[in-house]
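Working notes, beginning with the structure itself.
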Amino acid sequence: MKRLTLILFLALALVPARGALNTDGLPAGAVAIAGFDFATFTTTQLGQAVIKAGPINTGQNIDSKLAKDKLGIDTQKDIHAVVLGVYAGADGKVSDKNAQGVILIRGKFDPAKINAAAKDAKVPSTSAGKYQAWEARAFFEAIFGPRPKGDNGEAYLVVTSADLIAIASKDFLDQALTALEKNTKAELLPSEVRTKFDAAAKGWFFLYADATRAKMKDDSSGINDLTIVLGESATDLQLRIAANFITAEKATSIRKQVKGLQAFAMMGLMNDDDKTPAEKEDLQTLLEIIQKIRVGGEAKRSTLDLDFSAEKSAKAIGRAIEKAQKEKPKAPAAK
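In case it helps, the working numbering puts the sequence shown at residues 28 to 362.
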């Protein structure tokens with residue numbers, strides 16, 4: 028879904044690479060909802076490790092500085108949470124050409140400064156009720172410089188208040204702003220999913236997708252719906268995945284495949300010949316993670332659960348970021 032990828036990328040341009048899911052203000056009828064709670068993430072051991080390790084590439088530092096200088100946004104402190112809603116197009120399907128998206132970015136913002144920066148940069152805009160809506164791609168390119176090219180689907184950015192920025196597909200903008208004005212409280216998630224999300228005391232990543240409403244072409248996964256929660260308890264990094272399939276046979280097949288891959292991966296990771304001590308430690312950590320994966324479920328439902336030491340996870344992610352920083356490609360020489 029290139030259009031949705033573009034919309035999500037535009038939102039992440041404001042977000043540094045670092046519990047409950049807040050869906051207030053999202054229009055009803057979402058095919059999928061994803062959320063990242065940065066405020067919660069930064070309080071976890073894993074989040075602290077990511078912050079301490081710093082950005083993987085200098086581009087993130089540059090974008091953070093530009094956000095602060097031009098928009099008055101401190102990307103480490105002022106962005107608290109992001110939630111994305113994906114919606115079917117007019118034909119009821121989710122496809123590259125007609126899928127719609129809404130992103131709500133919650134935090135601490137200066138509407139006057141952001142709008143002034145867009146106006147000074149001559150970003151194309153349109154009136155949207157009482158708001159000024161800026162062409163999202165043009166806005167981000169004006170502030171941060173050229174962005175990777177993708178689908179030509181249009182999206183608009185609106186600073187609705189000092190604590191909320193909305194980005195929405197062009198054809199979905201009015202609906203998105205109406206939902207915000209009414210502070211829609213629609214039941215966007217099934218009660219079973221909402222209970223799972225609310226139970227994640229320090230949950231920071233949430234995903235729910237309803238494939239039965241997506242009507243995607245050539246979908247052979249057999250999944251009716253999928254739920255993912257990532258979070259952290261007092262001691263462990265926690266992952267919870269649950270999927271309902273179209274048949275019990277499909278669910279059973281998936282459980283067997285995952286268990287087979289788990290066993291195969293464990294055998295491969297036991298071979299640490301010719302590895303450095305640091306590499307052996309990383310392999311051992313990965314082996315422990317795979318060993319702790321629990322595959323379960325019954326009938327049409329399959330689950331995957333993981334509880335792994337938050338301290339070990341933080342150390343591993345810190346080493347991974349440090350390695351990526353050392354291996355980052357050098358800038359090409361000037362011609």
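From the three backbone atoms N, C-alpha and C, an ideal C-beta is built for every residue, glycine too.
- Excluding its 5 nearest sequence neighbours in each direction, Ala305 has C-beta neighbours in its own chain below 8 Å: Arg346, listed in chain order.
- Our two residues, Asp252 and Tyr235, have alpha carbons roughly 7 Å apart in a direct line.
- Taking C-beta atoms under 8 Å as the contact rule, Arg328 and Ala278 qualify, at a distance of about 6 Å.
- For Ile273, the closest of Gln127, Lys339, Ser248, Ile132 by C-alpha to C-alpha distance is Ser248.
- Linking Asp137 to Gln202 through their CA atoms gives a straight-line distance of about 24 Å.
- Between the C-alpha atoms of Asp309 and Lys353 there is a straight-line separation of about 17 Å.
- Boundaries of the alpha helix (DSSP H) around Gln75: 72-80.
- Counting along the chain, Arg321 sits inside the beta strand (DSSP E) bounded by residues 321-323.
- Rounded to whole angstroms, the separation of the alpha carbons of Lys92 and Phe171 is 10 Å.
- Between Leu131 and Ala193, the C-beta spacing is below 7 Å.
- Gly295 sits in a helix when the DSSP states are folded into three classes.
- For the pair Val322 and Lys286, the CB atoms are nearer than the 7 Å cut-off.
- By DSSP's assignment, Glu162 forms a beta bridge with Tyr183.
- Nearest to Ala275 by C-alpha distance, out of Gly258, Lys307, Leu288, Ala326, is Ala326.
- Taking Leu207 as the centre and dropping the five residues before and after it, the same chain places the C-beta of Gly52, Thr187, Ala193 closer than 7 Å to its C-beta, in chain order.
- The beta carbons of Ala160 and Pro151 sit no closer together than 7 Å.
- Here Asn142 carries a helix assignment [DSSP, helix/strand/coil].
- In the DSSP assignment, Phe68 falls within the alpha helix (DSSP H) that extends over 65-68.
- If the five residues before and after Lys339 are omitted, its C-beta is found closer than 7 Å to the C-beta atoms of Thr312, all from its own chain and listed in chain order.
- Rounded to the nearest whole angstrom, the CA to CA distance from Thr50 to Ser196 is 18 Å.
- Distance from the CA of Tyr114 to the CA of Thr67, rounded to the nearest whole angstrom, comes to 27 Å.
- Rounded to whole angstroms, the Cβ separation of Ala292 and Ile317 is 5 Å, and the two are in contact under 8 Å.
- Pairing Lys120 with Ala55, the inter-Cα distance amounts to about 16 Å.
- Closest by C-alpha distance to Asp334, out of Leu98, Ala261, Asn298, is Ala261.
- Residues Thr69, Ala341 of the same chain have their beta carbon placed closer than 8 Å to that of Gln75, with the five preceding and five following residues left out of the count.
- As computed with DSSP, Phe233 is found in a beta bridge with Gly62, Val256.
- Taking all protein chains shown into account, Thr254 has 16 or more neighbouring C-beta atoms within 10 Å of its C-beta and is therefore buried.
- Boundaries of the alpha helix (DSSP H) harbouring Ala347: 337-354, taken from the DSSP string.
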